[in-house]
């Protein structure tokens, strides 16, 4: 992956697709045809934010998620402290104690955070930025060759 993803000024559009997968397949076709794909850029246009609601947020879910996250942290801390335990069986108690304390504090902090929202957001969601279309841009010196190869690609299926 290169550090710079900018298209040189004067890039020419040689194809437009409804999904990123289609644009990626088109560039893959160009590569299969031995086209120098370093002259090509995929640009997503008509960006929009899509938020998919995944469920209702309840006190039970908040406390369970907080407790689970806290338990993982507690387990981690318990393992770290257990490494330095002097007595043979002390590492088990440090792991269990870390797990229980992490569980309690995780649930407590999750409850404090959720109560601070006062019910303004009672759902969970995932959001992403998606493009409405994906344009394949090419260096003007190679644009006609790319168009010809992509025309064969679109006929192929």
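In our numbering, the protein residues as written are 135 to 291.
All C-beta atoms in this analysis are idealised placements derived from N, C-alpha and C, irrespective of residue type, glycine included.
Predicted model, so just to flag it, every value in this text is computed and none were measured.
Next on the checklist: Whole angstroms are fine: how far does the CA of residue 257 sit from the CA of residue 225?
Outcome noted: 40 Å
Checklist entry - Do you know how far the Cα of residue 230 is from the Cα of residue 90? => result No answer is possible for residue 90: the residues shown for the chain start at 135 and end at 291.
Checklist entry - In its own chain, which residues sit with a C-beta less than 7 Å from the C-beta of residue 173, not counting the 5 before and 5 after it? => result 272, 273, 276
Item to check | Any C-beta of chain B under 9 Å from that of residue 148 | outcome: The structure shown contains no chain B, having only a single protein chain.
Item to check | Inter-residue Cα distance where the pair is residue 279 and residue 260 | outcome: 41 Å
Item to check | Closest residue to residue 187 among 168, 262, 287 (Cα-Cα distance) | outcome: 262
Checklist entry - How many Å lie between residue 182 and residue 267 at the Cα? => result 11 Å
Checklist entry - Do you know offhand how far residue 135's Cα is from residue 162's? => result Because the pLDDT at residue 135 is just 46, under 50, the model does not fix this residue reliably, and the point stays unresolved.
Checklist entry - Distance, Cα to Cα, residue 247 vs residue 221? => result 39 Å
Next on the checklist: Assuming residue 149 is part of the beta strand (DSSP E), what are its boundary residues?
Outcome noted: 146–151
Checklist entry - Got a sec, what are the start and stop residues for the beta strand (DSSP E) residue 251 sits in? => result Unbroken run through residue 251 is the alpha helix (DSSP H), 224–251; no beta strand (DSSP E).
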